[in-house]
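Presented below is the structure to which this report refers.
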Ligand SMILES: Cc1cc2nc3c(=O)[nH]c(=O)nc-3n(C[C@H](O)[C@H](O)[C@H](O)COP(=O)(O)OP(=O)(O)OC[C@H]3O[C@@H](n4cnc5c(N)ncnc54)[C@H](O)[C@@H]3O)c2cc1C
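Numbering (this note's numbering), first residue to last: 4 to 315.
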């Protein structure tokens, strides 16, 4: 089939460039569609050729293996990355590739309130919906994407377009059942406010985030989900209690500031991070009887894909 002339499929692209962890071997094929025509063409091509694929946004919640990925990685971080529209009813529609930083800047300028809790999250709209991204700070309610979402437009496993609302989507803590969907855009509720007030809320969220997260080195944010029901402690607190803060394997280290942040302190390999993950799981299991569950999406190096959203 003929692909659009302006669509470039690259070979052997280092995935460390497309992950905030800065870890990962080469993708056999790599593509960054910028518009729907390109995206639909690449999906058609992938289907015809029978190439396994994985979708990523800004790669801020993924860990790519050292071996790389033997299929096609479709990065959506350039996909309609400036498509943000407000409707007269206050709803805001943003394409999957829009970064949350950009969305926040637009909401501040417009004086639209509701999405301030996502202002510091280094992902895309698509990744945030898929992961049901969330944040809270003391004195403010903990909010997740599901709390502000009206609907998403997505390509389903049947290769058809779907419009899904919160009634059709099952959201959980840092997860959704959209693993077999490719999210194209999302529409959120916002409330009219004043730019200064939205800015102040964003500033306060950044200040709190900076006080708790460890941002000195590349990472993928929190590695494990919080156990919620199983423990009154967060995953970071459990990792601290089993004495693993500051533990280093190869180039990967568990932050001394935040036990759930694993950092690439220099040339870390995915195998270093896996070893730290196994160590933390084993210690917490042994001492607390709690099974830590990774939040980050670990991309399988084999053709049998595991965690990430995959279109087959
Ligand atoms: C320093 C730091 C701080 C963080 N803080 C927070 C925080 O406070 N709260 C929070 O919730 N998270 C946080 N994160 C994690 C991460 O930023 C979020 O999960 C973010 O929403 C992921 O978006 P992404 O575009 O980077 O997705 P990716 O990491 O690229 O992908 C994540 C998953 O979503 C899938 N996906 C991506 N785009 C699409 C799409 N268009 N359609 C279908 N599936 C898709 C991927 O296949 C993968 O399974 C943090 C990360 C870092 C590095």
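Every residue gets a Cβ at the ideal spot worked out from N, C-alpha and C, and that includes glycine.
8 angstroms contact criterion, which residue i and residue j should meet: CB distance rounded
i	j	result
residue 275	residue 262	That belief does not hold up - the Cβ atoms of residue 275 and residue 262 are roughly 17 angstroms apart, past 8 angstroms.
residue 167	residue 133	With a Cβ gap of about 12 angstroms, residue 167 and residue 133 do not count as contacting.
residue 63	residue 223	6 angstroms
residue 107	residue 226	Between residue 226 and residue 107 the Cβ distance is about 24 angstroms, and since that is not below 8 angstroms, they are no contact.
residue 36	residue 10	7 angstroms
Closest residue to residue i among the options (Cα-Cα distance)
i	options	result
residue 26	114, 267, 101	267
residue 296	117, 153, 230	230
residue 8	95, 201, 42, 52	42
residue 157	173, 183, 139	183
residue 164	5, 46, 103, 126	46
residue 12	179, 49, 128	49
residue 113	294, 242, 197	197
residue 80	100, 94, 203	100
residue 21	195, 118, 221	221
residue 153	92, 78, 208	92
residue 241	207, 251, 186, 294	294
residue 252	243, 244, 53, 281	281
Residue i vs residue j beta-carbon contact at 8 angstroms
i	j	result
residue 55	residue 74	yes
residue 190	residue 110	no
residue 298	residue 212	no
residue 248	residue 258	yes
residue 68	residue 273	yes
residue 1	residue 149	Coverage of the chain is limited to positions 4 through 315, which leaves residue 1 absent and any answer about it impossible.
residue 126	residue 60	yes
residue 31	residue 15	yes
residue 103	residue 128	yes
residue 118	residue 151	yes
For residue i, the residue or residues it bridges with in DSSP
i	result
residue 300	65
residue 256	251, 266
residue 194	116
residue 165	157
residue 138	146
residue 151	BP columns for residue 151 are empty, so no partner.
residue 97	87, 189
residue 75	32, 56
residue 127	102
residue 107	According to DSSP, residue 107 bridges with nothing at all.
residue 174	179
residue 5	DSSP output for residue 5 lists no bridge partner at all.
residue 13	33
residue 227	297
Residues near residue i in its chain [Cβ-Cβ closer than 6 angstroms; skip 5 each side]
i	result
residue 98	83, 86, 188
residue 304	68, 70
residue 76	30, 33, 57
residue 78	21, 35, 59
residue 88	96
Same chain, Cβ closer than 8 angstroms to residue i, neighbours up to 5 away in sequence not counted
i	result
residue 309	Unreliable positioning characterises residue 309 in this predicted model, as indicated by a pLDDT of 35, which lies under 50. The coordinate reading is nonetheless provided below. The residues are 301, 302, 303.
residue 175	135
residue 219	266
Distance cut-off 7 angstroms: residue i Cβ against heavy atoms of ligand 3
i	result
residue 125	Summarising the ligand content, the structure contains ligand 1 and does not contain ligand 3.
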